[in-house]
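S.K.: In my numbering, the protein residues as written are 4 to 104.
Before anything else, here's the structure in question.
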């Protein structure tokens, strides 16, 4: 069971890859995914995404649910088939689709 992880252009420079597939088990969280990424790609993953055990204040994690992006936290359970995306807050604002009134 795997999740796909995508990184924005700016985070790709920090992390060292733009996309990864990570094996997950039932009940695992976004935090578990980040630990696996750090094991595979190196410590720059942790420092690029985490600050004092939390997501960096300039980083947003999200996944697509029913065609809409949903912000998630380190404690959010992930499921096989999920596509997770990390981006800087400034990039997230620019790439969010405008909500219709």
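By construction, the Cβ of each residue, glycine as well, lies at the ideal position given by its N, Cα and C atoms.
This structure is a prediction, so every number in the text was calculated from the model and none was measured.
Let me know if residue 50 comes out buried or exposed under the rule of 16 or more other beta-carbons within 10 Å of its beta-carbon.
M.R.: Exposed, by the Cβ-count rule.
S.K.: Is the distance from the Cβ of residue 25 to the Cβ of residue 48 below 8 Å?
M.R.: Cβ atoms of residue 25 and residue 48: not closer than 8 Å.
S.K.: I think residue 18 touches residue 44, with their Cβ atoms under 8 Å apart; what is that distance to the nearest whole Å?
M.R.: About 7 Å; that satisfies the 8 Å criterion.
S.K.: Just the Cα atoms here: how many angstroms apart are residue 42 and residue 70?
M.R.: Near 31 Å, if we compare the C-alpha coordinates of residue 70 and residue 42.
S.K.: Just how far apart, CA to CA, sit residue 83 and residue 28?
M.R.: Cα to Cα, residue 83 sits roughly 8 Å from residue 28.
S.K.: May I ask you to report which of helix, strand or coil DSSP gives residue 67?
M.R.: Residue state, collapsed to three classes: strand.
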